[in-house]
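Report on the structure given below.
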Amino acid sequence: MKQLDIKAVQQRLLNIATVVDELCAKHGIPFYMIAGTMLGAVRHKGFIPWDDDMDFAVPYQHYAELISVLNKELPPNLRCLTYDK
9 MKQLDIKAVQ QRLLNIATVV DELCAKHGIP FYMIAGTMLG AVRHKGFIPW
59 DDDMDFAVPY QHYAELISVL NKELPPNLRC LTYDK
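Listed below in C-alpha cells is the structure:
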C-alpha cells in the first residue's frame, strides 16, 4: 500500500467530510465536530498538524437515518462501516 504523508491523509479526510456534509445538508441531518477536530478548527484554523482522523457526532435520533443515507448515497469509492458490521 502506498504511504501517504500527513497532508495527503488530511486532504482525503477533508474530501470525505465534504461528501458527508453535502449528504447531511441534503437530508437535513445535523452533525457537528467534536474532540480533536473541533480543537484543530479553533486552535489551528484547520487540522491539528499531526492529526490523522476526524471526529463528528450526530444526535442519536438522527443516527439510523444517517447510516441509511450513507449506505445508499456514498460514492463508490467510500463505504460506511458501523460498530456492528
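Residue numbers (my numbering): 9 to 93.
Note that beta-carbon positions come from the ideal geometry of N, C-alpha and C, so glycine has one too.
Item: With contact counted as at least three CB pairs below 8 Å, one residue from each stretch, are the region 62 to 71 and the region 30 to 38 in contact?; Value: yes
Item: Please classify D59 as buried or exposed, where buried requires at least 16 neighbouring CB atoms within 10 angstroms.; Value: buried
Item: So, L86 versus V27, is the Cβ gap smaller than 8 Å?; Value: yes
Item: Given a cut-off of 8 Å, decide if L31 and M62 are closer than it, judged by their beta-carbon atoms.; Value: no
Item: Please list the terminal residues of the continuous alpha helix (DSSP H) segment that includes H52.; Value: That residue, H52, is in no alpha helix (DSSP H); it is neither H nor E in DSSP.
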